[in-house]
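K.L.:
Shown below is the structure under consideration.
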Amino acid sequence: MKHRTTFKYLFRSLQATIAIFLGLILQASLVSAATPEYRIDAGDSISIRVYGESDLSVDVMLGESGVVNYPFLGELKVSGLTPAELENVILQGLKGDYLINPSVTVSVTEYRQVFIYGEVQAPGGYSYQPGLTVGKAAALAQGMTERGSEKRIFLTREGMSENQKVRADMSTKLQPGDVITIEQGFF
């Protein structure tokens, strides 16, 4: 009887471990699938790593100019590029004259913020993470006030004028730089 209880415990532990492992793999694949076309822009923090070349590895927060001053290559316009495109620009710039076969990795270490205003407890800017929705952003802002309405949510996306608000709901997926306004409900 004791062996059966031990076996059940071990089996349940193994099931839980496998479930957690599969969940982590799924989450990692969703994050990487959500960001392949992500375009770097002002406010993003990026990490540029060149394997074996610590003097060519930098961490930088991109300013409004969208330019990074990179060793040997000078000023690089990185705003609007994907991390993969920036990797290629740096790889081509370093290859030959400076390094034989450089291994370059570019990653976004911190995305620009999303902003939530109106009928939330703590309006302001919050760090974007892939998979962020209006509902999750509202939770980051400590929830809606009692006057807030899930039916009166508006979104302004980068590239749109402030007057071009579109309707959104709690499940609307956000992008870095989005501005969410939750208005009062009347009834």
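Once you know that position 101 of the sequence shown is 101 in full-length UniProt numbering, the rest is easy, because the numbers rise by one and skip nothing. We treat Cβ as the ideally placed atom computed from N, Cα and C, and that holds for glycine.
In chain order, what residues of the same chain lie with their CB nearer than 7 Å to the CB of residue 87, ignoring the 5 residues before and after it?
P.N.:
Within the sequence shown, the letter at position 87 stands for residue 87. Excluding sequence neighbours, residue 87 sits near 104, 105 and 106.
K.L.:
Only counting runs of 4 or more residues, tell me where the alpha helix (DSSP H) segments fall wholly within the UniProt domain "Polysaccharide export protein N-terminal" (33-109), in order along the chain.
P.N.:
Segments of the alpha helix (DSSP H) lying fully in the UniProt domain "Polysaccharide export protein N-terminal" (33-109): 83-94.
K.L.:
Over what stretch of residues does the beta strand (DSSP E) that includes residue 118 continue unbroken?
P.N.:
On the sequence shown, position 118 is the one that residue 118 refers to. 113-118 is the span of the beta strand (DSSP E), which, as asked, contains residue 118.
K.L.:
Which residues in the same chain have their Cβ closer than 6 Å to the Cβ of residue 71, if we skip the five residues on either side of it in sequence?
P.N.:
Sequence index remark: in the sequence shown, residue 71 carries index 71 (1-based). 56, listed in sequence order.
K.L.:
Return the Cβ separation of residue 62 and residue 78 in integer angstroms, given the expectation that the two are a contact with Cβ distance under 8 Å.
P.N.:
Counting from 1 along the sequence shown, the entry for residue 62 is found at position 62. Counting from 1 along the sequence shown, the entry for residue 78 is found at position 78. That pair is a contact at about 7 Å.
K.L.:
Between the Cα of residue 183 and those of 121, 91 and 114, spot the shortest distance and give me the residue it belongs to.
P.N.:
Within the sequence shown, numbered from 1, the residue matching residue 183 stands at position 183. Checking every option, the nearest Cα to that of residue 183 belongs to 121.
K.L.:
How about residue 155 and residue 180: do their beta carbons lie closer than 8 Å?
P.N.:
Taking the sequence shown and counting its residues from 1, one reaches residue 155 at position 155. Taking the sequence shown and counting its residues from 1, one reaches residue 180 at position 180. Their beta carbons are under 8 Å apart, which means residue 155 touches residue 180 by this criterion.
K.L.:
If you reduce the DSSP assignment to three classes, tell me which class residue 138 lands in.
P.N.:
The count along the sequence shown starts at 1 and reaches residue 138 at position 138. In this structure, residue 138 counts as helix in the three-state DSSP scheme.
K.L.:
Rounded to whole angstroms, what's the CA-CA distance from residue 126 to residue 146? Just pull it up for me.
P.N.:
Within the sequence shown, numbered from 1, the residue matching residue 126 stands at position 126. Within the sequence shown, numbered from 1, the residue matching residue 146 stands at position 146. Cα-Cα distance, rounded: 21 Å.
K.L.:
Report all residues from its chain with a CB closer than 6 Å to the CB of residue 168; omit the five preceding and five following residues, and keep chain order.
P.N.:
Counted from its first residue, the sequence shown places residue 168 at position 168. Here the set comprises 134, 153 and 155.
K.L.:
Quick check on residue 30: does DSSP put it in helix, strand or coil?
P.N.:
Locating residue 30 in the sequence shown gives position 30, counting from the first residue. Residue placement at residue 30 cannot be trusted, given a pLDDT of 40 that sits under 50; what the coordinates show is reported in the next sentence. DSSP places residue 30 in helix when its eight states are reduced to three.
K.L.:
Ordered along the chain, which non-local residues of its own chain (more than five positions away) have a Cβ less than 8 Å from that of residue 37?
P.N.:
Your numbering for residue 37 matches position 37 in the sequence shown. Excluding positions up to five away in sequence, the list reads 82.
K.L.:
Please state the DSSP three-state secondary structure of residue 150.
P.N.:
Translated into the one-based positions of the sequence shown, residue 150 becomes position 150. If DSSP states are grouped into helix, strand and coil, residue 150 belongs with the strands.
K.L.:
When you compare each of 102, 40 and 123 to residue 139 by their alpha carbons, which one comes out closest?
P.N.:
For the purposes of this step, residue 139 is identified with residue 139 of the sequence shown, where counting begins at 1. When only C-alpha atoms are compared, the closest one is 123.
K.L.:
If I follow the unbroken beta strand (DSSP E) through residue 167, where does it start and stop?
P.N.:
If you number the sequence shown from 1, residue 167 lands on position 167. Segment 166-168, the beta strand (DSSP E) holding residue 167.
K.L.:
Considering only the alpha carbon of each residue, which of 46, 141 and 73 lies closest to residue 84?
P.N.:
By 1-based counting over the sequence shown, the position of residue 84 is 84. Here the closest residue by C-alpha is 46.
K.L.:
When DSSP labels each residue in this structure, what does residue 127 get in the three-state scheme?
P.N.:
Reading the sequence shown from its first residue, position 127 is the one you call residue 127. Reduced to three states, the DSSP call for residue 127 is strand.
K.L.:
As a quick exercise: from 113, 59, 96 and 149, pick the residue whose alpha carbon is nearest that of residue 176.
P.N.:
Reading the sequence shown from its first residue, position 176 is the one you call residue 176. Comparing Cα positions, the closest option is 113.
K.L.:
Buried or exposed: which applies to residue 131, given that a residue is buried once 16 or more other Cβ atoms fall within 10 Å of its Cβ?
P.N.:
On the sequence shown, position 131 is the one that residue 131 refers to. Answer is exposed; the Cβ neighbour count stays below 16.
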